[in-house]
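Read the structure below first, then the notes.
Numbering (the numbering used here), first residue to last: -19 to 182.
Okay, here's the thing in structure tokens:
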């Protein structure tokens, strides 16, 4: 991966998140691209693998990347979560992950409710195709140990959340879409804050 700089700050994982987000915004990496392996990223950023794992987990929970069990980490293709992606750039301007989570909690449920009212049949069909593809990847993943188990559990939880959102959009039920999105963001936020709280030394 080009243009990576060593991370020199107390919150190492946040510096990694910011750089990867910057690479994506500049087009140096694109949706669908696979990120280098964890060990290679640690060497390039000159940080521990624990810091890289924390950054990748944060990026996954923010909806920027997806970890495919047994297949590596990939930049996510277009999904409804991309509506909130610009919020992550706030981190580069001194805002915390908690700030981003709070903003997502305010904005995304409202966006989901609005989408339930305005989504077209073609857009709904595209979302259903994306969801089906993600579901196939999770089901087809080959088990490879404890890390696979944790990733697979997160993937199933994410699928369940997006299944509820998709069902609400399909039913044109704005209230259900709002509730499903709010529950999803709450779970995402709790996961991120739990991760950060358990990795202060990374």
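Ideal Cβ placement from N, Cα and C applies to all residues, glycine included.
Grouping DSSP H, G and I as helix and E and B as strand, with all else coil, what is residue 55?
Of the three classes helix, strand and coil, the one that applies to residue 55 here is strand, per DSSP.
Quick one, are the C-beta atoms of residue 28 and residue 22 less than 8 angstroms apart?
Contact flag set, yes.
Could you pull the start and end residues of the beta strand (DSSP E) that residue 48 belongs to?
Per DSSP, residue 48 belongs to the beta strand (DSSP E) from 45 to 48.
Starting from the Cα of residue 53, find the closest Cα among 7, 16 and 82 and give me that residue.
That would be 16, whose Cα lies nearest to the Cα of residue 53.
Do residue 32 and residue 39 have their C-beta atoms closer together than 8 angstroms?
No. Outside cutoff.
Which runs of the alpha helix (DSSP H) spanning at least 4 residues fall entirely within the stretch 99 to 174, listed in chain order?
The qualifying runs are 101 to 120 and 126 to 150.
Do the CB positions of residue 171 and residue 41 come within less than 8 angstroms of each other?
Their beta carbons are under 8 angstroms apart, which means residue 171 touches residue 41 by this criterion.
With DSSP as the reference, label residue -8 as helix, strand or coil.
The answer is helix: DSSP assigns residue -8 an H, G or I state.
If I follow the unbroken alpha helix (DSSP H) through residue 27, where does it start and stop?
Run containing residue 27: none; DSSP gives neither H nor E here.
So, are the CB atoms of residue 148 and residue 160 less than 8 angstroms apart?
In contact: residue 148 and residue 160 (Cβ atoms closer than 8 angstroms).
Looking at C-alpha atoms only, which residue of 48, 90, 76 and 81 is the closest neighbour of residue -2?
Ranking 48, 90, 76 and 81 by Cα distance to residue -2 puts 76 first.
Whole-angstrom Cβ separation of residue 11 and residue 55, contact assumed at under 8 angstroms?
Between residue 55 and residue 11 the Cβ distance is about 5 angstroms, and since that is below 8 angstroms, they are a contact.
Closest to residue 135 by C-alpha separation, out of 118, 24, 9 and 108, would be which residue?
Comparing Cα-Cα distances from residue 135 to each of 118, 24, 9 and 108, the minimum goes to 118.
Whole angstroms is fine: what's the gap from residue 83's alpha carbon to residue 146's?
About 22 angstroms.
I'd like to confirm the pairing. Which residues does DSSP put opposite residue 14 in its beta bridges?
In DSSP, residue 14 forms a bridge with 54.
Count the other CB atoms, across all protein chains shown, that sit within 10 Å of the CB of residue -9; report buried if there are 16 or more and exposed otherwise.
Answer is buried; the Cβ neighbour count reaches 16.
Please tell me whether residue 96 and residue 152 are closer than 8 angstroms, where the distance is taken between their beta carbons.
For residue 96 and residue 152, yes; Cβs fall inside 8 angstroms.
Let me confirm a value: residue 19 is counted as buried when at least 16 other C-beta atoms fall within 10 Å, else exposed. Which label applies?
The residue in question, residue 19, is exposed, as its Cβ has fewer than 16 Cβ neighbours within 10 Å.
Starting from the C-beta of residue 154, find all residues in its chain whose C-beta is less than 6 angstroms away, skip the five residues before and the five after it, and write them out in chain order.
93, 96 and 97, listed in sequence order.
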